[in-house]
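Undergrad: Be aware that the sequence shown starts at 158, since it is given in our numbering, and climbs by one per residue. Heads up, the beta-carbon is just placed ideally off N, CA and C, and yes, glycines get one too.
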Amino acid sequence: MENYYKAHTKFYLAVDCIIFGFDEDGLKLLVVKRDFEPGKGQWSLVGGFLSQGENLDEAAQRILHKLTGLENIYLEQLATYGEPARDSAARVVSIAYYALISTTKFKENKSNRNACWYPLNGLPNLIFDHNQMVAKAILRLRRKAASRPIGFELLPAQFTLPQMQALYESIYQQQIDKRNFRKKILSMNILEKLPEKDMTGSKRGAYKYKFNPSKYNELLNNGYHFEIINNGKQ
158 MENYYKAHTK
168 FYLAVDCIIF
178 GFDEDGLKLL
188 VVKRDFEPGK
198 GQWSLVGGFL
208 SQGENLDEAA
218 QRILHKLTGL
228 ENIYLEQLAT
238 YGEPARDSAA
248 RVVSIAYYAL
258 ISTTKFKENK
268 SNRNACWYPL
278 NGLPNLIFDH
288 NQMVAKAILR
298 LRRKAASRPI
308 GFELLPAQFT
318 LPQMQALYES
328 IYQQQIDKRN
338 FRKKILSMNI
348 LEKLPEKDMT
358 GSKRGAYKYK
368 FNPSKYNELL
378 NNGYHFEIIN
388 NGKQ
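#1: Report yes if the C-beta of residue 337 is less than 6 angstroms from at least one heavy atom of the ligand PLP; otherwise report no.
#2: Check whether the Cβ atoms of residue 206 and residue 311 lie closer than 7 angstroms to each other.
#3: Can you name, in chain order, every residue of its own chain whose Cβ lies under 6 angstroms from the Cβ of residue 195, other than the five neighbours on each side?
#4: For residue 353 versus residue 365, is the C-beta spacing smaller than 7 angstroms?
#5: Should the stretch 217-226 be regarded as contacting the stretch 250-266, the criterion being three or more beta carbon pairs within less than 8 angstroms?
#6: Taking the CB atoms as reference points, tell me whether residue 359 and residue 183 lie closer together than 7 angstroms.
#7: With a threshold of 8 angstroms on Cβ separation, who are the neighbours of residue 255 within its own chain once the five nearest residues in sequence on each side are excluded?
#8: So what does DSSP say about residue 330, is it helix, strand or coil?
#9: Excluding the 5 residues preceding and the 5 following residue 198 in the sequence, name in chain order all residues of the same chain whose CB lies nearer than 7 angstroms to its CB.
#10: State yes or no: is the C-beta of residue 383 within less than 7 angstroms of the C-beta of residue 304?
#11: For residue 248, I'd like the list of residues in its chain whose CB is within less than 8 angstroms of its CB, leaving aside the five on either flank, ordered along the chain.
#12: Tell me which residues share the same chain as residue 210 and place their Cβ nearer than 8 angstroms to its Cβ, disregarding the 5 neighbours each side in the sequence.
#13: Run through DSSP, which three-state label would residue 166 get?
#14: Can you find the residues in the same chain that come closer than 8 angstroms, C-beta to C-beta, to residue 162, ignoring five residues on each side of it along the sequence?
#15: Which residues in the same chain have their Cβ closer than 7 angstroms to the Cβ of residue 309, if we skip the five residues on either side of it in sequence?
#16: Please check the pair residue 221 and residue 275, which I expect to be a contact at CB under 8 angstroms, by giving their CB distance rounded to whole angstroms.
#17: Starting from residue 353, trace the beta strand (DSSP E) in both directions and tell me its first and last residue.
#18: Going by beta carbon distance, what residues of the same chain come within less than 6 angstroms of residue 373, once the five residues before and after it are set aside?
#19: Beta carbon of residue 385, beta carbon of residue 340: below 7 angstroms?
#20: Leaving out five residues on either side along the sequence, give the residues of the same chain with a beta carbon under 8 angstroms from the beta carbon of residue 288.
#21: Around the Cβ of residue 331, are there at least 16 other Cβ atoms within 10 angstroms (buried) or fewer (exposed)?
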């Protein structure tokens with residue numbers, strides 16, 4: 158086969174994944190300690206190189222599955238990073254994605270001892286431009302969460318309204334009025350109330366709910382706008 162591009166410089170194409178999780182301690186980031194150079198022993202995002210015959214989304218899903226064992230993860234392309242000196246080993250262009258998974262699901266499938274969850278307010282310094290990627294992903298997550306209930310990927314299958322509110326407060330790093338939050342969420346009719354209660358938070362307990370994706374998709378198809386947060390405030 159004729160090589161039409163032989164006069165052009167070759168470089169590597171990588172995929173880096175910003176993986177958010179949530180538990181009772183707040184929003185967290187999944188990071189790995191590198192076991193190879195450059196940056197051996199330092200903290201890094203989960204990443205890898207694009208393989209022959211796969212597109213970028215497939216590469217990101219493969220990389221996440223290899224680490225977590227999970228499939229069908231909420232995943233969204235974030236930005237491209239191509240500064241010439243961003244990687245000291247070679248010219249590497251990276252496509253950044255951010256993903257949302259449950260911390261409990263990762264623990265159940267954990268296979269990489271070098272990976273661990275860090276709270277967003279206590280992240281270690283990351284290699285290359287990974288800190289920049291994380292900062293951009295947090296801003297994207299906040300914009301998305303303001304108008305779309307995407308946080309359900311971060312919650313357990315059954316959750317309470319206080320847990321859901323704690324998630325949004327963790328994303329925005331601010332307190333949200335309880336009454337207004339409950340009113341907005343319940344008015345969307347995308348939650349199914351369950352008969353059982355979670356008794357760990359108070360004597361009265363809190364009813365559990367589950368997300369109804371079919372009702373959510375129906376509202377989306379009808380052009381409904383989910384206004385959960387107004388300019389970061391209730």
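TA: On the basis of the coordinates in this document:
#1: With respect to the ligand PLP, the structure shown offers nothing to examine, as it has no ligands at all.
#2: Within the sequence shown, numbered from 1, the residue matching residue 206 stands at position 49. Within the sequence shown, numbered from 1, the residue matching residue 311 stands at position 154. No; because the gap between Cβ atoms is not below 7 angstroms, this pair is not in contact.
#3: Counting from one through the sequence shown, the residue named residue 195 turns up at place 38. Shown here for residue 195: same chain residues with a beta carbon closer than 6 angstroms to its own, the five before and five after excluded, namely 245, 246 in chain order.
#4: Taking the first residue of the sequence shown as 1, we reach residue 353 at position 196. Taking the first residue of the sequence shown as 1, we reach residue 365 at position 208. Contact annotation: residue 353 and residue 365 have beta-carbon atoms nearer than 7 angstroms.
#5: Output reads yes: the stretch 250-266 touches the stretch 217-226.
#6: On the sequence shown, residue 359 is found 202 positions in, with the first residue counted as 1. On the sequence shown, residue 183 is found 26 positions in, with the first residue counted as 1. With contacts defined by Cβ atoms closer than 7 angstroms, residue 359 and residue 183 do not form a contacting pair.
#7: The residue labelled residue 255 in the question sits at position 98 within the sequence shown. For residue 255, the CB contacts under 8 angstroms within the same chain, skipping 5 residues up- and downstream, are 174, 175, 176, 177, 232, 233, 235, 294, 297, 298 in chain order.
#8: Working through the sequence shown from its first residue, we reach residue 330 at position 173. The three-state secondary structure of residue 330, taken from DSSP, is coil.
#9: Along the sequence shown, read from residue 1 onward, the residue named residue 198 stands at position 41. Shown here for residue 198: same chain residues with a beta carbon closer than 7 angstroms to its own, the five before and five after excluded, namely 190, 191 in chain order.
#10: As a position in the sequence shown, residue 383 is number 226, starting the count at 1. As a position in the sequence shown, residue 304 is number 147, starting the count at 1. Closer than 7 angstroms, so yes.
#11: Here the question's residue 248 lines up with position 91 in the sequence shown. Closer than 8 angstroms at Cβ, skipping near neighbours: 166, 168, 169, 241.
#12: Here residue 210 is taken as the residue at index 53 of the sequence shown, counted from 1. Within the same chain, residue 210 has no close Cβ partners at all.
#13: For the purposes of this step, residue 166 is identified with residue 9 of the sequence shown, where counting begins at 1. In this structure, DSSP gives residue 166 a state outside helix and strand, which the three-state scheme calls coil.
#14: Residue numbering aside, residue 162 sits at position 5 when the sequence shown is read from its first letter. Answer for residue 162: no residue qualifies.
#15: As a working mapping, residue 309 is identified with position 152 in the sequence shown. Cβ-Cβ distances below 7 angstroms link residue 309 to 368 in the same chain, with the five nearest sequence neighbours on each side left out; the list follows chain order.
#16: Sequence index remark: in the sequence shown, residue 221 carries index 64 (1-based). Sequence index remark: in the sequence shown, residue 275 carries index 118 (1-based). Actually they are not in contact, since the Cβ atoms of residue 221 and residue 275 sit about 17 angstroms apart, beyond 8 angstroms.
#17: Here the question's residue 353 lines up with position 196 in the sequence shown. Taken as a continuous stretch (DSSP letters only), the beta strand (DSSP E) holding residue 353 covers 348-355.
#18: Along the sequence shown, one-based indexing puts residue 373 at 216. Same-chain partners within the cutoff: 347.
#19: Taking the first residue of the sequence shown as 1, we reach residue 385 at position 228. Taking the first residue of the sequence shown as 1, we reach residue 340 at position 183. Cβ distance not < 7 angstroms, so residue 385 and residue 340 don't count as in contact.
#20: Against the sequence shown, residue 288 aligns to sequence position 131. These residues qualify, in order along the chain: 280, 282.
#21: Position 174 of the sequence shown holds residue 331. By the neighbour-count rule (16 or more Cβ atoms within 10 Å), residue 331 is not buried but exposed.
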